[in-house]
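Participant: My structure is below; once you've seen it, I'll send some questions.
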Amino acid sequence: MKRLALIHLLVCGILGRELGEQGGTRSEEQNYHQDEQDRNDQHLKGDPGTVRVESLQRIRRDTAEDLAQMSSSSTNMFPFAPPAQTYFMGQCLMCPPGGPGPRGPPGLPGRDGRDGRDQTLLTWPTERERNPGTEEEREVPVVANHTNVGVTYPRWGKTTCPPSSQIVYEGVMAGGHFNYKGGGSNYLCLPLEPIFDRPQSGNDFGAYIYGAEYQFSNFAAMPDINNHDIPCVVCLALAKHHVLMLPGRNICPEQQGWILEYSGYLMAHHVHHYRSEYICVDKSAEGIPRTSHNDDQVIPRPVEAQCSSNGGGLPCPPYVSGYELTCAVCTL
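Numbering-wise, the sequence shown is residues -16 to -1, 1 to 316 according to mature numbering (1 follows the signal peptide of the UniProt record, and there is no 0).
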C-alpha cells in the first residue's frame, strides 16, 4: 500500500509539472471551455439535466485528450513508469468505489452454437480404457454366435436326440451298486470312449461305478428290453436357457412357452435298495444289443405312487396307489 501511495504522489508531481509547462496552450483551451460554459448558461432555460450531461461528456473527453498528451511526455522522462491514464482515467486509488452505473443497452445476438453430441451414460473408465495397450491388445475379440448357446440334458434309454436338439455325445448309463451304501447316488451317462490318465490297475476299495440295466419284466408300457443295458445320450437344446424334468406329467407347462424334448416314466432304485436319484427314462427306450443278461448291479425301476391309509402323504386322488408316474423333459 505504501508503494502505491508513493507512485501516486510521483505521478501527481509529473502531471503538475506538465500542466505548468503547457500553461500557454491551456489558456486558449480555458477560453474555449469558458465559451462552452456561457453557451450552457444560455440553455439553462431548457432541460437542465440534458445540459448537465452534455457538459460532463465534453469535460471527460477534453480530460482524456490532455492525459494522453501528458502520458507520452511522462513516459520519455520515466520509461519504466506506468502510463498516467492508468491511474487517472476516471479512477481514484485513494477514493472509495462509487455505486453501480446505469444499465447498458442489450448486446447483439450471439453466434449459432455447434451441434450437440449424442447423450451417453457417464461411467468410471475401466482399466482397459485407461491403459489401451498395444494395437494387438486393442483388437476386439470375435463374439461367439449366440445361436450355438443352449442347455444340455441327458436322454435316458435312447441313442438319438429329439429333432430340436443336437447330440453332444453318446454313452451308457451307469451308477452306484444298488446294494452298496457308498459311492454316488446319481446316475451318469458315461461316454463310449473314455480317456484314462496314468491309471493304476487293481482295486483300492475306492468308489465303484457299474453299468445299469432294465429290470421290469412285467411292465407292459415299456418295450421288451428286460435285463438289457441302458444306453443314453447327452443333447444340446439350441437357443434355450432352462431345462426342466417334470415328474408326474408327460406334457410340459403351458405357461411361458416350454417345449417338450421327450416324455417317459419316472425311475429310481428299488424301495429295498439304497437310494438313488429320480430320472426320466424315455417311453420308447432302447436296450444295447447283445447285452441281455442279469447282472443286478444298477437296476432302476418304475416309480409307483403310494397313498397313505390315514389320509396323509400324497393327495389321493388325484394320485392313485400303484400307478406308475410319468415324466417329461422340457426346455425354455
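Just so you know, even glycine gets a beta-carbon here, dropped at the ideal spot from N, CA and C.
Here the structure is a predicted model, which is why all the values come from computation and not from measurement.
Quick one: grab the DSSP three-state call for Gly88.
Facilitator: coil
Participant: Taking Asn210 as the reference, give the member of Leu222, Glu197, Leu220 with the closest Cα.
Facilitator: Glu197
Participant: Report all residues from its chain with a CB closer than 8 Å to the CB of Gly85; omit the five preceding and five following residues, and keep chain order.
Facilitator: none
Participant: Is the closest heavy atom of the ligand ZN to the C-beta of Cys311 under 8 Å?
Facilitator: The ligand ZN is not part of this structure, which contains no ligands at all.
Participant: I'd like the span of the beta strand (DSSP E) that includes Arg139, first residue to last.
Facilitator: Taken as a continuous stretch (DSSP letters only), the beta strand (DSSP E) holding Arg139 covers 134 to 140.
Participant: Counting Cβ pairs, one atom from each stretch, are 3 or more of them under 8 Å apart for the region 184 to 204 and the region 217 to 236?
Facilitator: no
Participant: Between Cys300, Ser276, Ala269, Val227, which has its C-alpha nearest Ala205's C-alpha?
Facilitator: Ala269
Participant: Do Gln199 and Ile283 come within 9 Å of each other at the CB atom, strictly closer than that value?
Facilitator: yes
Participant: Applying the 10 Å Cβ sphere with the 16-neighbour rule, what's the burial state of Phe162?
Facilitator: buried
Participant: Across which residues does DSSP place Gly248 in a beta bridge pair?
Facilitator: Asp266, Cys311
Participant: Answer yes if the region 248 to 256 comes into contact with the region 275 to 291, meaning at least three C-beta pairs across the two stretches below 8 Å, and no otherwise.
Facilitator: With a cut-off of 8 Å, the region 248 to 256 and the region 275 to 291 count as touching, because enough Cβ pairs lie within range.
Participant: Using the three-state DSSP reduction, which class does Gln239 fall into: helix, strand or coil?
Facilitator: helix
Participant: Take Thr34 and list the residues in its own chain whose beta-carbon comes closer than 7 Å to its own, dropping the five residues that flank it on each side.
Facilitator: Caution is warranted here: a pLDDT of 48 is assigned to Thr34, below 50, making its placement in the model unreliable, and the coordinate value is therefore given only provisionally. Excluding residues within five positions, none has a Cβ falling inside 7 Å.
Participant: Output the distance between the C-alpha atoms of Gly297 and Gly168, rounded to the nearest integer angstrom.
Facilitator: The alpha-carbon separation between Gly297 and Gly168 amounts to approximately 28 Å.
Participant: Use the C-beta contact count for Ile214: other C-beta atoms within 10 angstroms, 16 or more gives buried, fewer gives exposed.
Facilitator: By the neighbour-count rule (16 or more Cβ atoms within 10 Å), Ile214 is buried.
Participant: Can the beta-carbon of Ser276 be found closer than 9 Å to that of His212?
Facilitator: It is a contact, given that the beta carbons lie within the stated cut-off.
Participant: Buried or exposed for residue 335, going by 16 or more other Cβ atoms inside 10 Å?
Facilitator: Residue 335 falls outside the range modelled here, since the chain spans only -16 to 316, and no answer is possible.
Participant: At the level of alpha carbons, what is the spacing between Arg95 and Arg87?
Facilitator: 23 Å
Participant: For Trp140, which option in Lys165, Asn294, Leu174, Leu92 has the closest C-alpha, if you only look at C-alpha atoms?
Facilitator: Leu174
Participant: Report the rounded CA-to-CA distance for Ile272 versus Cys236, giving the unit in angstroms.
Facilitator: Just so you know, the alpha carbons of Ile272 and Cys236 end up roughly 29 Å apart.
Participant: Whole angstroms is fine: what's the gap from Thr144's alpha carbon to Val304's?
Facilitator: 33 Å
Participant: Give the straight-line distance between the Cα atoms of Gly134 and Arg259, rounded to the nearest whole angstrom.
Facilitator: If you take the alpha carbons of Gly134 and Arg259, they lie about 31 Å apart.
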